[in-house]
Structures are given as structure tokens and as C-alpha cells.
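*Asks:* Residue numbers (my numbering): 1258 to 2440. Pasting a structure here, questions to come.
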């Protein structure tokens, strides 16, 4: 961690280095810009065009490929820069799939060599992730063999997700690239992407081969400052002579003999050799370290930065590596290896350690090159000298994994190496025991996502997963989404059933298939299923976008009527379209067109019934669920492209039973559990709600439809609460900027990456150097997301990922993710400062499972503090802090950022952060206010701390927490029961509680059982019949909360489905305007005197009778338990007393929960009876 004196004064005025760095990242042609790996890939073709223009060449550039992590957003970024691309003669054509893209890129070289070409040549760029390379190998093999033009060239961008964070398989593509005969360059960071990319295109022109660029996730998702000096890359042409003749490849697609044999010969003998010569002439591989070293390390790409980080960890930094006894070869090109640099590197070495992820690729090539040469060094890699494992062949190789292996290697050759001291300190350091696992935050469907309903299947269904957001069903309970047979390769959805169905008893499969995958290659799987004659229903989830990779339109997308026609032409036996608006779906086919006999359109509410019908039809059937992606719908509404619904949904928590039925019906993350004084309830998280409204299908009368006023208040509620920067004191620096590292943790989709970008922009604005890494994977779907930001005063070699104990500031936007052990490992007790929000954000499991509980806040704080406790650590309930000044908690992350900055725990100034927030351009004033509110929180806490100690002593002296808490509970409940019925009813409650209190005091001398009994008996006695629902909807706090949430003047209606209407056959809720519904509620409430009498018409139903019976049963069970209460059976009786906690809901939901209650109650009573019979009677006396 850097020294404090090197931090710019935090109260100083920052002079911007540039007015608009977001524009300059692509246009600046001298100096330096901050780029992510993805942005570097967008800039690369622009720089290639500029380089050619300086050389007098008028070239075009053609780009095609298919999106996929880690290149998931490349096409979106290219599309956003379409005007720039047009200005630079760059043609971008997203492809239907990877192999067709490869053939299109092959066409660019045919055009480049054609006499009819426009300009001097065409550069081709193909992109795809590793599985895309796999499926495109045939097309690439053809294109590569046919070759490239001297003024063209092809660069193949291959994305590798080595630990499968956002893939179905881990990957390392070098062996496949080599087998295809392509040279392969491997960048380590965005600078390398630009530099090696320009070299790769120049190499491709010279050698006549496609050149691949392997792009690992950490490189593409990372960022740093990049030099853009136009003269830094001046390709040097190598000698092209072979046997006295100059070789120049001519592009051809005539891949037949005898041409084919000649092409293979030149590929092996001349073209790959020219790649080696180019790498040598342009020094693509680089040697650093000690010229007198005996041990060498060979590595490439992101692994090189991990090696440099590991060396720094063990005490070998940039200043000492030249005398460390170690030499490092950073390969820019890993295939084919260039013999000259290998000979130079290995001179004088006795041992080489090859550090590479996955299989031994470089290691085997190096052994092949050096085998049989004089004085060849020993080569180690995947195995050590004895044949044991040295470097694993699975997962990845982070710096803290490499460090001890490097240290042992150094010590073998130099006893006085600083690595020995590091190893000794490491062995004596405290080892953290593994913590017990906690509730995990796993990826989940977005709020309002069509898949929340479309992936539901009938009971007992067998389901096939596939590529797309719907693949998240593998993380969800099978009782909801069916028994999964697993995931398939993209485009092979359902094909496994052809080989599986003859050998299993199940006769039918539901196969999920995204509309993007259908257009990519999935249509072939349907054709194959028809040909095989299997019984299968394809569920085409038509959400109008390729949602998982950023929201692209599927290339060649068919509208639903066209899709239906195509499916019928293929020979499917039945097609059903389900949607939330069947009328609009019908109109899409044409108002005058009759639907084909095999086609029908149904409402999405009929989804289960439709699937049951399709499962009975032999052969291949298709269900097309038409519902737009909720995230894309939200974006369109924000941009004004479509009109947003006027109404909002609100839950009256007093009426809510917390049964989870609305969560089960909607599966929506915005339907969140909330703890109240009356127990666990449900609320709608308004700021994340995507207005799907499926939650109102929950069988519950608590839903309120609200129509906010058009002039709804601004995000911050009052001008008097707005802060100026001058209202706050300048932060006092605690950390320095020489070598500062921070980890940010949070929930995907809540702006974690945006905050990391704001911090990076602020630091760059101050003249500091920034590297970063956004570890996303499936996090954008509500899972855990991690961003690492590293700041320094000068450019530092090393990883963009923080290793164990390497964190200076631990900024946690979500306490659950922050308490995860894999994240806590970066904390060092004497180094790391912690700033964490303790606001509880429910997980996906908590939406549908009422027994899933968020861990206690103090437990999470204790886990984090155990990893590193400092008095400066800050834990703040951000949601509570923002409740008054802001409309919702969408600014929570910026608030917490302000907290960290004001505490002096970030080496950036408030002015720089506010500049970066302006640059971001989204709700600038609101974000400034949130940032300043976070700063003010730190200032206010500092003032409060001085008075807290004295106040705490006074409070402790006058409050008896145990008896006080029970007394307060009784007062509240008695008041509520009097309002519920009358004094006599409340007295009955009080007498029952007193019986339990007396028994517990005699048996245990405590009141814990009594407190729980008071809570549960109230719940049982205050069951929510029509009279009580009316009373609770009249509660003045309801209208107050609606005004606070939606503004003064908001109008609202109650959504009800009374039992009497159910009897009449009405199967949906009715909407009652509050203005006259309240009159009906008042009348209902006045009629409560009829409750339980022969005139109580509402009490005749089975649910009401069951609720009254429960009161009698529970009172009797509690009295029996109280009579038997003893220290030996106290835990069992506590469980008995708490059983009504799980009696929840209305109508059939309550009846099911009552059945669970009676089953467990009977078991407990029987056990208590048996225990009493087996316990010998003993006489006792008081002494």
C-alpha cells in the first residue's frame, strides 16, 4: 500500500486532463487513453485503417462473428460506434453463427485478391468464443488453407473462458488453433490487444495465413492505460526467400487437387515459417530478468501478468528482477515458437519452468524444439522432476497459486533468494480455517423476466436445458422447472433425447430453446427431432432479443408468424403460441388470415394446461412463448421508445401473510420478503420492478394498484436536504496511491461495474494509473459480481486481479457477497479497510421459499471482521440512510462510495469522483447528492461518537430488555386484538399468555417460550377474515406509505378475490377504487360483531372454520405443553409453540399450511407424551 504523502490533496481542485475521454478512447492518435479489453478490440480496426492510410493504402475492413463470453459485448460496442466504423471503411456484419461468419471472412480475402475489388485490399476479422471456434473449424480450415491477401489479412479473435464463469465448458483454444494451422498471438492486456493485433494483421499479410488472437476473460474484462502513439508499431517485413526465390501467397478457394496439395505444402513449409520470421523481425517475444540466470520462466498472455504478480509477492519486483537469478520469456506468439528467441532465452539456463493454463501446449512445443540440442536445460511444467504434479492442468493459475512454486524453484538455484524469507513468513503466518458455508447468492432470472413463467412445467415433467438465460433452471428447484437432463451444446438442444428415449421409461421431453439459439442453429435440432420420430415439445422462448450476451437482435430474426410457418413447413405436428396479449399475437398473423389448423394462440396463464395438451401429442410439437425480455423492455421505456404502464403494484404488509405465493407465481426478484414487527411479510421493490404484474396472481387480498401522479417527485425528496460540496469538510487521507488495490463486491445488475468505472475514471482524471478487472460471469443475472481496481502513481507490472491478502479497501455493496470466503481471502488484517452495506437484499431462493432466511446481519459482519478487524471499518445500513432523502435505494452504491471517499480510504478526491459521475451522464445531480450524502454520513458519525458512550450508560440503566420486550409485545397485541374484536377477546389472549408465563417461570426461570407464545397466539387469534382485511385496508398508515412511495395525490385501488366471488365462478381478482371501497371496508369492519356467531355468513366457509378450530387446538396444545415444560424438553416445546409461524396465506394455501402444522404438532405431542411416560417420577423439595 502506498505512502499517504503521495496522494493529491483530497480537498484540492482537480484540473481535468481531457474534456471528454469517452470520445478520445477511439479518436486520440497520440498520448494515452484508458481502455478496457473490449474497447481495445473496437479501436483495433480503426487503428489498422489509420496505419494503412499512413502507408498510402486504401483498405477496407470486414468484421463478422457471433457473440459469446468473454466477447459477449463486442458486437454491441461495434454497433454503438457504427458512425466511426463507416468513416473508416469498416463494415460490420454480425453473423447467424460462427461458421457462416468464418466463410464470410474468407470472402473478404477473395475480394481483396479480386481484380474487381474496391480500394487496395480488405482486412477480415472473425470473432467468437471457444465453442464457436470448435463449431467453425471446418470453415476456418477452408479459409486458412485458401489463405490471405498481401494487402488484406485475417485476424481471428478467439475468446477463452478458462474457468467457465459464463460458459458450459472451460476452454483453452491454443491446441485447436495450432491444429488448424494458424499462428497464434496471446495478449496480456489492452495494450497488447492493440499492438499484437496490428502485428497479427501484418503477419497475416506476409505469411498468407489467418492469425488467431487468444483472448482470455481477464484480458477482455480488464482495463488499463494504453499508449496510442501512431509510430509505436511499424511492422518490419522479414526475408521471404526460400531456396533463392521470394515467396508470395496467392489467395484461392479452389480447394481441389492439385491445388489443394500445393496449399498444404506451402502452409507447412513456407507460410508458418514466415510467421516465425515475422515474430523474430518484430520482437513479438520479450525477455526480461537476470542475464546471468540459471532458471527461466516461459509464459504468455494474462499468465505473464500473474507471474509478475507472483514474483512481486515473493520479493522479486521490477527493480530487483535483473539480479534475481531468474529470467522470464513473455511469448507474444505461442504458435509456432520462434527458434531464435528460444535459443537466446535458454542460453546459460539449467532449468525452465513453463507456466500455462490447462494442457501442456507451450511446454511440449518447447521440449520438441530443444530436444537433442547441446546443453538443453531441464524443462518443467505440468510435472516436476519426479513426475508429480507441479502446475495443475485444470482451473486457472492465479498469482497466489504460482508464487510458492516459483519460490521453491528460485531457492533450488539461489539459497539467498528473497523467496526463502517469504516462504518462512508464509509458513509462520496465521492460517485462516475454512468458514462454514453461508447462503449463496446465485444467478437468477431478472425481475419480470419471461422465463419466470415460461420455464414452468407440469408436475413430473422431464426437461432439457440449453444455451441462454433459461439455462438458469439448473439452479432452481425441480418442483418448479422440472427434472432436468442437463444442458446441451448450442444448437443441439433436444438431440440427446434421440439417443436417450429408447432406453428410459419416460415417453416425452420438454426442451427449452431460446429464439436466438433457434436462429443460430437450433432449427436444425428441431428438423433432426422430426426425422427421428421422438416425442418432444420444443418450448421456443421468444423474448425478441439475445438477452444473455447483452440484448442483441438475433441475426436473421423471424417474427412469430414467419417462425410458425417455418415450423409447419418442417413438419411439426402442433404449434401453440402463448403470450400476455393473445389478441395482439393473433393480429400479428394478419386480421384477414385464418390460422392454420395446427396452430392456436393462448394466454400465458394457460401455460401449464397447454404443455399438458402438447405432451399427449405424438411426435414433435412446439410451444412458442412470446414475451419480450424484461430488461430490454425497461431500456426501451427509459429511452421513450415505448410507453410504460401507468400503474404500479404495492402490497399492504398488514394484510400480507408472507406466504410466498406471489413469489411462487411470479418468481420475481422484485417480490421481496421483509421483516416487520408483525413478522415476515412481502414487499414490491419498486426501483427494480419491471412492471410485469404477474405477482398479483398471488392468492392474497393485500395487493394495491397505485396510479402515481404524473408530476412524481424527483429522485431526491426535498431541496432543503440537498448538499453542496462546500458543505462538507475535505477528507483526511488514510491510504496512498503508490500501489493501491480495492475489491468491490455486490449483486449483478445493480451498478457495481459502473462504480468501478467511475473510480477508474476519477483516478485517471487525477493523473494516476489504473488497471481493473470486472469478474462477471452470470452475475448480471442477480448473482455475485466482483470488480478489482488497482491504482498506482506509475504503471505497474502485474495482474489486474487481487490475490490473497492484497486488498487495501474492501467495498461491499452487498453483505452476503462480501461475506463469501473466496472474496474474504483478499483481506489482510493489518492492511485492509472495510466499508460494507448491511442492507439485506433477498436472494432468488427467498422469493419462493418462505423458510429461506437471510443470514443475521451481525453474523455477516462477524465473518467479515474476523478476516480483518480495524477500528476504521464502516458497516452501514444504506437503505435506511437513503429512505428519507431519496426515492428508493437505486443510489445506494454511490452513497457507499461517498462514505469510503470521505473516510479517506480511496486515493481519489471528491471533485474527481463528481467529475466522473458527470462523465457517466446518468442522473448526474441525483448521483452527486447520493455521493455527498454518503460523505455526510461519515461526518455525522464522527460527531455522534463523542456523545454515544455517555448516552449508552444512561439507557442501559433504565431499560430491562427482557421484560420490557415482552411487555411491549403484549401491549401492542392486546391493543390490536381489542380493535380486531373486543376487550373480552383480548382478555382471553392475556389469560392464556399468563398461564404460559407462570409455567415457564416455574420450570425454567425465563420468558423466552412465553415471548414466542405471545407472538404466535396473536397470529392465530387475529386470523385475517373479511372483517379484518377491511380493518387493515383502512389503516391510515397505508395511505401514508403510498404517499411516501408514489407522491401526494396518488390514486389507488384494491385488488380482491373474495371467497363469495369464487363460489360464483369468478376466477380472477376485481379492482375496487379506494374512494368507495373504503366505505365497504368500514361496513365490513362494523359487522365484526357477527364474527363466530350464527349470523356470520363469511364464517361458514371451510377456511374460516379451520381458522377458528386452530385457535382451540393451539390453546389446548400450549396448555398441555406448559404443564409438561422442563429443561429437558424445552427445545421441543419451543418448536411446538412456534409452529403457527408457518401457518400462512389465504384459502387453499392456508389449508395446505394447516395440514403441515397438524402433522408436526401431532408428532411433537406424541413425543412429549412418550417422554413423560418413560420419565420416572421423583419427589422434589425446596431447601
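Even for Gly, the Cβ is constructed at its ideal location relative to N, Cα and C.
1) Go through its chain and collect everything with a Cβ distance to residue 1413's Cβ below 6 Å, but skip five positions before and after it.
2) Using 8 Å as the threshold, is the C-beta distance between residue 1755 and residue 1723 below it?
3) Spatial neighbours of residue 2378 within its chain, please: CB distance less than 6 Å, with the 5 preceding and 5 following residues excluded, ordered by chain position.
4) Please classify residue 1204 as buried or exposed, where buried requires at least 16 other C-beta atoms within 10 Å of its C-beta.
5) Do residue 2092 and residue 2020 count as a contact pair if the criterion is CB distance below 8 Å?
6) Taking 8 Å as the cut-off, does the stretch 1322-1332 touch the stretch 1351-1369 (at least 3 CB pairs, one atom from each stretch)?
7) Which same chain residues, not among the five before or five after residue 2205, have their C-beta less than 6 Å away from its C-beta?
8) Taking C-beta to C-beta, are residue 1480 and residue 1292 nearer than 8 Å?
9) State the Cα-Cα distance for the pair residue 1394 and residue 1370, rounded to the nearest angstrom.
10) Just to confirm, are residue 1405 and residue 1462 a CB contact at a threshold of 8 Å?
11) Around the C-beta of residue 2346, are 16 or more other C-beta atoms found within 10 angstroms, so that it is buried, or is it exposed?
12) According to DSSP, what are the bridge partners of residue 1481?
13) Evaluate residue 1590 with the Cβ neighbour count: other Cβ atoms within 10 Å of its Cβ, from every protein chain shown; 16 or more gives buried, anything less gives exposed.
14) Suppose contacts are defined by Cβ-Cβ distances below 8 Å. Is residue 2193 in contact with residue 1980 by that definition?
15) Kindly give me the distance between the Cβ atoms of residue 1553 and residue 1609, rounded to whole angstroms, as I take these residues to be in contact under 8 Å.
16) Quick check: the stretch 1994-2004 against the stretch 2065-2077, are there 3 or more CB pairs under 8 Å?
17) Where does residue 1757 fall in DSSP's three states?
18) Which residues share a DSSP beta bridge with residue 2399?
19) Taking 8 Å as the cut-off, decide whether the C-beta atoms of residue 1661 and residue 1637 are in contact.
20) Check this for me: beta carbons of residue 1798 and residue 1770, under 8 Å apart or not?
21) Out of 1704, 1657, 1733, 2155, point me to the one whose CA is closest to residue 2015's CA.
22) Per DSSP, which residues does residue 1557 bridge with? Please list them.
23) Ends of the beta strand (DSSP E) at residue 1470?
24) Can you give the Cα-Cα distance for residue 2441 and residue 2085, rounded to whole angstroms?
25) Using the DSSP secondary-structure output, state which residues sit across from residue 1415 in a beta bridge.
26) Counting beta carbon pairs with one atom in the stretch 1699-1712 and one in the stretch 1915-1925, are three or more of them shorter than 8 Å?
27) Would the beta-carbon of residue 1528 fall within 8 Å of that of residue 1464?
28) Using CA coordinates, which residue listed in 2221, 1408, 1435 is at the minimum distance from residue 1391?
29) For the beta strand (DSSP E) holding residue 2358, just list the boundary residues, first then last.
30) Hey, would you say residue 2030 sits closer than 8 Å to residue 1446, going by beta carbons?
31) Enumerate in chain order the residues of its own chain whose CB-to-CB distance from residue 1593 is below 7 Å, with the five nearest sequence positions on each side excluded.
32) Looking at the secondary structure, which residues open and close the alpha helix (DSSP H) in which residue 1625 lies?
33) Less than 8 Å separating the beta-carbons of residue 1721 and residue 1748?
34) Using C-beta distances below 7 Å, list every residue in its chain close to residue 1669, excluding the 5 sequence neighbours before and after it, in chain order.
35) Which residues does DSSP list as the beta-bridge partners of residue 1741?
36) Output yes or no for whether 8 Å exceeds the beta carbon distance between residue 1830 and residue 1794.
*Replies:* Put simply:
1) As a first step, residue 1413 must be located in the chain shown, where it is residue number 156. Contacts found: 1383, 1467, 1469.
2) Translated into the one-based positions of the chain shown, residue 1755 becomes position 498. Translated into the one-based positions of the chain shown, residue 1723 becomes position 466. Annotated as distal: residue 1755 and residue 1723, with beta-carbon spacing of 8 Å or more.
3) By 1-based counting over the chain shown, the position of residue 2378 is 1121. 2390, 2393.
4) Residue 1204 is absent from the model: the chain starts at 1258 and stops at 2440.
5) Reading the chain shown from its first residue, position 763 is the one you call residue 2020. Reading the chain shown from its first residue, position 835 is the one you call residue 2092. Contact flag unset, no.
6) yes
7) Working through the chain shown from its first residue, we reach residue 2205 at position 948. With a pLDDT of 36 at residue 2205, under the threshold of 50, the predicted position of this residue should be treated as unreliable, though the coordinate-derived value follows. Same-chain partners within the cutoff: there are none.
8) Within the chain shown, residue 1480 is the residue found at index 223, counting from 1. Within the chain shown, residue 1292 is the residue found at index 35, counting from 1. Yes; because the gap between Cβ atoms is below 8 Å, this pair is in contact.
9) Along the chain shown, read from residue 1 onward, the residue named residue 1394 stands at position 137. Along the chain shown, read from residue 1 onward, the residue named residue 1370 stands at position 113. Their Cα atoms are separated by approximately 23 Å.
10) Position 148 of the chain shown, counted from the start, is the residue given in the question as residue 1405. Position 205 of the chain shown, counted from the start, is the residue given in the question as residue 1462. Cβ distance < 8 Å, so residue 1405 and residue 1462 count as in contact.
11) The residue given as residue 2346 occupies position 1089 in the chain shown. It counts as exposed.
12) Within the chain shown, residue 1481 is the residue found at index 224, counting from 1. DSSP output for residue 1481 lists 1292 as bridge partner(s).
13) Here residue 1590 refers to the residue found at position 333 when the chain shown is read from its first residue. By the C-beta density criterion, residue 1590 is buried, having at least 16 other C-beta atoms within 10 angstroms.
14) For the purposes of this step, residue 2193 is identified with residue 936 of the chain shown, where counting begins at 1. For the purposes of this step, residue 1980 is identified with residue 723 of the chain shown, where counting begins at 1. Yes, they are a contact pair.
15) For the purposes of this step, residue 1553 is identified with residue 296 of the chain shown, where counting begins at 1. For the purposes of this step, residue 1609 is identified with residue 352 of the chain shown, where counting begins at 1. Between residue 1609 and residue 1553 the Cβ distance is about 5 Å, and since that is below 8 Å, they are a contact.
16) yes
17) Here residue 1757 refers to the residue found at position 500 when the chain shown is read from its first residue. Helix at residue 1757.
18) Sequence index remark: in the chain shown, residue 2399 carries index 1142 (1-based). Answer by DSSP bridge pairing: none, since residue 2399 is not bridged.
19) Counting from 1 along the chain shown, the entry for residue 1661 is found at position 404. Counting from 1 along the chain shown, the entry for residue 1637 is found at position 380. No, they are not a contact pair.
20) If you number the chain shown from 1, residue 1798 lands on position 541. If you number the chain shown from 1, residue 1770 lands on position 513. Yes.
21) On the chain shown, position 758 is the one that residue 2015 refers to. Relative to residue 2015, the option among 1704, 1657, 1733, 2155 whose CA is nearest is 2155.
22) Counting from one through the chain shown, the residue named residue 1557 turns up at place 300. Residue 1557 is bridged to 1588.
23) Here the question's residue 1470 lines up with position 213 in the chain shown. Element bounds for residue 1470: 1468-1473.
24) The shown model of the chain, from 1258 to 2440, leaves out residue 2441, and the question about it has no answer.
25) Reading the chain shown from its first residue, position 158 is the one you call residue 1415. For residue 1415, which the question treats as bridged, DSSP gives the partners 1385, 1471.
26) yes
27) Stepping through the chain shown from its first residue, residue 1528 is reached at position 271. Stepping through the chain shown from its first residue, residue 1464 is reached at position 207. Yes, Cβ-Cβ distance for residue 1528 and residue 1464 is below 8 Å.
28) Residue 1391 sits at position 134 when you count from the first residue of the chain shown. Selected option, being the one with the closest Cα: 1435.
29) Here residue 2358 is taken as the residue at index 1101 of the chain shown, counted from 1. Neither: residue 2358 is in no beta strand (DSSP E) and is coded neither H nor E.
30) For this step, residue 2030 is matched to residue 773 along the chain shown. For this step, residue 1446 is matched to residue 189 along the chain shown. Between residue 2030 and residue 1446, the gap from beta carbon to beta carbon reaches 8 Å or more.
31) To locate residue 1593, count along the chain shown from 1; it is residue 336. Correct list, in chain order: 1440, 1529, 1532, 1533.
32) Start at 1 with the first residue of the chain shown, and residue 1625 comes out as number 368. That run of the alpha helix (DSSP H) goes 1619-1627.
33) On the chain shown, position 464 is the one that residue 1721 refers to. On the chain shown, position 491 is the one that residue 1748 refers to. Contact flag unset, no.
34) Translated into the one-based positions of the chain shown, residue 1669 becomes position 412. Hits under 7 Å: none found.
35) Locating residue 1741 in the chain shown gives position 484, where the first residue counts as 1. Paired residues: 1720.
36) The count along the chain shown starts at 1 and reaches residue 1830 at position 573. The count along the chain shown starts at 1 and reaches residue 1794 at position 537. No, Cβ-Cβ distance for residue 1830 and residue 1794 is not below 8 Å.
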